[in-house]
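Here the numbering used here is used: the first residue of the first sequence is 88, the next is one more, and so on.
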Amino acid sequence: MKIASWNINSIKARLPNVLKWIDGAQPDILFMQELKGIAENFPVSEFEERGYSVQIKGQKTYNGVAIASKTPITLISDEILEGDEQARYLEVEIDGIRMINVYCPNGNPVQVDSEKYPYKLRWMRELVDHLRELKVQEIPFLIGGDFNIIPRDVDCHDPKVWEGDALFRQESWDLWRELTNMGLYDAYRMMHPNEDNCYTFWDYQAGAWPQNKGIRIDHFLLTPEIADQLMDVQVDREPRGWEKASDHTPIIIEL
DNA sequence: ATGGTTGTTGGACAA
């Protein structure tokens, strides 16, 4: 079973690229983030024509997440923070496996007069607590998406550039540590423990892509039962080089 | 240090 995650940065702008990639890569399941539109405007039929069911949590202009799956999707929950206006979370069951698609808050700018960073930490705190609860209930699960956390120095081209950034600071690392220390396995690092050419995001600006100045912020985390079934993990850099590319590229796990 | 780009929108704001 191939499961992919891709921050597509607008389903409207990216539809041709997304369909092209799906037709080639043939994932069984695709997590999408940053739809940047309401559910009513999601091109459901384009996915159904290709044999996918779709679950959407949309919002005007910002955020938005969706899951496309070859086998039926059962919705468990579509928010992690109660009453959150931002569409960032989908928890479902597919093929008897609990799956969570997240678009975690970016958190920048980090400054006293901005609510962005406190919101990131609040959101992630709620996520960590919820995943702990799933562990207590002994529910095997996988969680994938744009975590907006650079786990370690090796996950970015130049740690100096990211110093102080919301994606690369102590509170974010502490939360990542909680995720891994509760027994969730970073799928990419299971298969590629020392790979430094591992990036999933390159900024549109300043030639980040041609100079390969990227960061690894799109992740899959697996409970041990799922991790035992992991066969392969790849980052597909090809779509980042296409015309009208998203600034992220897909990460694919194979169970 | 700043700005560089893309997307939603039709001027900022987010990333």
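Quick reminder that beta carbons are idealized off the backbone N, C-alpha and C, glycines included.
Buried or exposed by the 16-neighbour rule on C-beta atoms within 10 Å, applied to residue i
i           : result
residue 287 : buried
residue 199 : exposed
residue 299 : exposed
residue 261 : exposed
residue 188 : buried
residue 284 : exposed
residue 137 : exposed
residue 246 : exposed
residue 174 : buried
Start-to-end residues for the beta strand (DSSP E) that takes in residue i
i           : result
residue 120 : 116-120
residue 153 : 152-156
residue 421 : The structure shown does not extend to residue 421, since the chain is modelled only from 88 to 342, so the question has no answer here.
residue 94  : 89-94
residue 233 : 228-233
residue 144 : 140-144
residue 307 : 305-309
C-alpha gap between residue i and residue j, whole angstroms
i           : j           : result
residue 163 : residue 179 : 5 Å
residue 335 : residue 257 : 24 Å
residue 301 : residue 279 : 17 Å
residue 102 : residue 228 : 29 Å
residue 319 : residue 311 : 15 Å
residue 272 : residue 93  : 19 Å
residue 282 : residue 314 : 19 Å
residue 118 : residue 150 : 13 Å
residue 121 : residue 225 : 30 Å
residue 223 : residue 205 : 27 Å
residue 105 : residue 112 : 10 Å
residue 244 : residue 203 : 25 Å
residue 171 : residue 325 : 34 Å
residue 193 : residue 135 : 31 Å
residue 195 : residue 209 : 14 Å
residue 123 : residue 218 : 26 Å
residue 295 : residue 152 : 26 Å
Integer Cβ distance of residue i from residue j, believed to fall under 8 Å
i           : j           : result
residue 128 : residue 333 : With 8 Å as the limit, residue 128 and residue 333 do not qualify as a contact, their Cβ atoms being about 18 Å apart.
residue 240 : residue 190 : Not a contact, Cβ separation roughly 24 Å.
residue 142 : residue 154 : 5 Å
residue 184 : residue 274 : Incorrect: roughly 14 Å between the Cβ atoms, too far for contact.
residue 304 : residue 237 : 6 Å
residue 266 : residue 215 : 6 Å
residue 115 : residue 88  : 5 Å
residue 165 : residue 144 : 5 Å
residue 98  : residue 130 : 7 Å
Nearest residue (CA-CA) to residue i, options the options
i           : options              : result
residue 309 : 268, 194 and 152     : 268
residue 140 : 132, 248 and 281     : 132
residue 182 : 315, 156 and 319     : 156
residue 253 : 218, 152 and 197     : 197
residue 316 : 284, 296 and 277     : 277
residue 321 : 293, 342 and 295     : 342
residue 263 : 116, 307, 249 and 90 : 307
residue 248 : 270, 290 and 98      : 290
residue 221 : 186, 255 and 207     : 186
Range of the contiguous alpha helix (DSSP H) that encloses residue i
i           : result
residue 222 : 203-223
residue 257 : 257-268
residue 102 : 98-112
Contact test: residue i Cβ vs the ligand SAM heavy atom, cutoff 7 Å
i           : result
residue 121 : With respect to the ligand SAM, the structure shown offers nothing to examine, as it has no ligands at all.
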